[in-house]
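**Q** Numbering (the numbering used here), first residue to last: 859 to 1106.
Glycine included, C-beta positions come from ideal geometry on N, C-alpha and C.
Just so it is clear, the structure is predicted and the values come from calculations on it, not from any experiment.
I'd like to ask you about the structure that follows.
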Amino acid sequence: MRRKLIAGNWKMNGSLAANAALLDGIKAGINQPVCAVAVCVPAPYFAQCKAELTGSPVAWGGQDLSVHESGAYTGEVSGAMLRDFGCTYVIVGHSERRSYHGESNALVAQKTGSAIKSGLTPIVCVGESLAERESGQTDAVVGAQIDAVLGALDAGDVNKIVVAYEPVWAIGTGKTATPQMAQDVHAMLRTRLATKNAAAATSVQILYGGSMKPDNARELLTMPDIDGGLIGGASLKAADFLAIIRAV
Ligand code: PEP
859 MRRKLIAGNW KMNGSLAANA ALLDGIKAGI NQPVCAVAVC VPAPYFAQCK
909 AELTGSPVAW GGQDLSVHES GAYTGEVSGA MLRDFGCTYV IVGHSERRSY
959 HGESNALVAQ KTGSAIKSGL TPIVCVGESL AERESGQTDA VVGAQIDAVL
1009 GALDAGDVNK IVVAYEPVWA IGTGKTATPQ MAQDVHAMLR TRLATKNAAA
1059 ATSVQILYGG SMKPDNAREL LTMPDIDGGL IGGASLKAAD FLAIIRAV
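Encoded structure:
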């Protein structure tokens, strides 16, 4: 049985005061969740998460990391720096980074390796655009994205990643993939993972992301290969995030 994971992606949102209220709200309502829970926050707030979440059931992480360990890379943040502040997860290859920062499949693969080397669990995002889905290229595009990561990974490290299937057309749009559409891609992803390490493929958590909300979470999370959610907008409201956790 794979344990489910509900991870929030705050993106570039928050302030010390707003985060304190959000984290207090999550902690107050979370009790003992049946699933793993994490929030992926902007780097300046790692220290706040460490102070507020240590000892709680909520883990925290970043939204990106450098492929470099240290040195003259202005503006970059290394995996070791994330670890210094207690991060356990880091999102890698989010579609916003792929499209606004030109991150290629090869770079995402490299970042996945850097995260593992730093002792972080990378949440590797993959997903097709609307045009790609409508032209029947979903499996080819998403397959190439995951294959690039698997190609750069040791077989023994396959069980150290989390995969997030996030159709680009569903992110922040209010449009959600139907449970069956998502399940089909998740099953394809698991088959690809199995080509690298069959045993690990059964244990890798594959999350769905893209307008997951309290009212659609349950039907998505009951699909056999959907092992949790990567939640953007709805992770910024404690009540919504908690409702998704309770839908598990
Ligand atoms: C995301 O950006 O990872 C995401 C899933 O966003 P939203 O839930 O807002 O669609």
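Which residues in the same chain have their Cβ closer than 8 Å to the Cβ of residue 1065, if we skip the five residues on either side of it in sequence?
**A** Residue 1065 sits at position 207 when you count from the first residue of the sequence shown. Cβ neighbours of residue 1065 beyond the five flanking positions: 863, 865, 981, 1020, 1021, 1022, 1023, 1084, 1085, 1086, 1087, 1088.
**Q** Any heavy atom of the ligand PEP closer than 6 Å to the CB of residue 1069?
**A** Taking the sequence shown and counting its residues from 1, one reaches residue 1069 at position 211. Yes, the ligand PEP has a heavy atom inside 6 Å of this Cβ.
**Q** Anyone know if the C-beta pair for residue 936 and residue 927 falls short of 7 Å?
**A** Taking the sequence shown and counting its residues from 1, the one referred to as residue 936 is at position 78. Taking the sequence shown and counting its residues from 1, the one referred to as residue 927 is at position 69. Yes. Within cutoff.
**Q** Would the region 882-891 count as touching the region 966-983 if we require 3 or more Cβ pairs under 8 Å?
**A** The region 882-891 vs the region 966-983: no contact.
**Q** Roughly how many angstroms separate the alpha carbons of residue 1070 and residue 1102, rounded to a whole number?
**A** For the purposes of this step, residue 1070 is taken as residue 212 along the sequence shown, with counting starting at 1. For the purposes of this step, residue 1102 is taken as residue 244 along the sequence shown, with counting starting at 1. Approximately 8 Å between the Cα atoms of the pair.
**Q** DSSP state of residue 1086, grouped into three classes?
**A** Here residue 1086 refers to the residue found at position 228 of the sequence shown. Residue 1086: strand per DSSP, three-state reduction.
**Q** In the DSSP output, which residue or residues are listed as bridge partners for residue 867?
**A** One-based indexing of the sequence shown puts residue 867 at position 9. BP columns for residue 867 point to 898.
**Q** Is it the case that the Cβ atoms of residue 934 and residue 924 are separated by a distance below 7 Å?
**A** If you number the sequence shown from 1, residue 934 lands on position 76. If you number the sequence shown from 1, residue 924 lands on position 66. In this structure, residue 924 lies closer than 7 Å to residue 934 by Cβ.
**Q** Sorted by chain position, which residues of the same chain lie with C-beta nearer than 6 Å to residue 1028's C-beta, five sequence neighbours on each side aside?
**A** Position 170 of the sequence shown, counted from the first residue, corresponds to residue 1028. Closer than 6 Å at the Cβ level, and outside the excluded window around residue 1028, lie 1034, 1035, 1068, 1069.
**Q** So for residue 980, helix, strand or coil by DSSP?
**A** Taking the sequence shown and counting its residues from 1, one reaches residue 980 at position 122. Strand.
**Q** Buried or exposed for residue 1054, please, with buried defined as at least 16 other CB atoms from any protein chain shown within 10 angstroms of its CB.
**A** Within the sequence shown, the letter at position 196 stands for residue 1054. By the neighbour-count rule (16 or more Cβ atoms within 10 Å), residue 1054 is buried.
**Q** What is the DSSP secondary structure of residue 937, reduced to helix, strand or coil?
**A** Taking the sequence shown and counting its residues from 1, one reaches residue 937 at position 79. Residue 937 falls in the helix class under three-state DSSP.
**Q** Flag residue 1091 as yes when its Cβ comes closer than 6 Å to any non-hydrogen atom of the ligand PEP, and as no otherwise.
**A** Indexing the sequence shown from 1 puts residue 1091 at position 233. Yes, Cβ of residue 1091 sits closer than 6 Å to a heavy atom of the ligand PEP.
**Q** List the endpoints of the continuous beta strand (DSSP E) containing residue 1066.
**A** By one-based count along the sequence shown, residue 1066 stands at place 208. Note, residue 1066: beta strand (DSSP E), 1064-1067.
**Q** Got a sec? Which residues, its chain only, sit under 7 Å from residue 1075 by beta carbon, not counting five neighbours each side?
**A** For this step, residue 1075 is matched to residue 217 along the sequence shown. Once the five neighbours on either side are set aside, the close Cβ partners of residue 1075 are 1087, 1102, 1105.
**Q** Are the beta-carbon atoms of residue 950 and residue 932 separated by less than 7 Å?
**A** What you label residue 950 is simply residue 92 of the sequence shown in a count that begins at 1. What you label residue 932 is simply residue 74 of the sequence shown in a count that begins at 1. No. Outside cutoff.
**Q** Tell me which same chain residues have a C-beta within less than 7 Å of the C-beta of residue 986, skipping the five on either side of it?
**A** To locate residue 986, count along the sequence shown from 1; it is residue 128. Excluding sequence neighbours, residue 986 sits near 995, 996, 999, 1000, 1025, 1026.
**Q** Do residue 871 and residue 1094 have their CB atoms nearer than 7 Å?
**A** Against the sequence shown, residue 871 aligns to sequence position 13. Against the sequence shown, residue 1094 aligns to sequence position 236. Contact flag set, yes.
**Q** Report the rounded CA-to-CA distance for residue 1016 versus residue 977, giving the unit in angstroms.
**A** To locate residue 1016, count along the sequence shown from 1; it is residue 158. To locate residue 977, count along the sequence shown from 1; it is residue 119. Cα-Cα distance, rounded: 14 Å.
**Q** Confirm, please, whether the CB-CB distance from residue 929 to residue 948 is below 7 Å.
**A** For this step, residue 948 is matched to residue 90 along the sequence shown. For this step, residue 929 is matched to residue 71 along the sequence shown. Not closer than 7 Å, so no.
**Q** Which one of 1077, 1078, 1100, 974 has the shortest CA to CA distance from residue 1012?
**A** Residue mapping note: residue 1012 aligns to position 154 of the sequence shown, counting from 1. Nearest C-alpha to residue 1012: 974.
**Q** Going by alpha carbons, who is nearest to residue 953 out of 918, 1032, 962?
**A** Position 95 of the sequence shown holds residue 953. The shortest Cα separation from residue 953 among 918, 1032, 962 belongs to 962.
**Q** Which residue from 939, 944, 1078, 859 puts its Cα closest to that of residue 1108?
**A** As shown, the chain starts at 859 and ends at 1106. That puts residue 1108 outside it, with no answer to give.
**Q** Shortest alpha-carbon distance to residue 956 belongs to which of 939, 984, 941?
**A** Counting from 1 along the sequence shown, the entry for residue 956 is found at position 98. Of 939, 984, 941, the residue nearest in Cα terms is 984.
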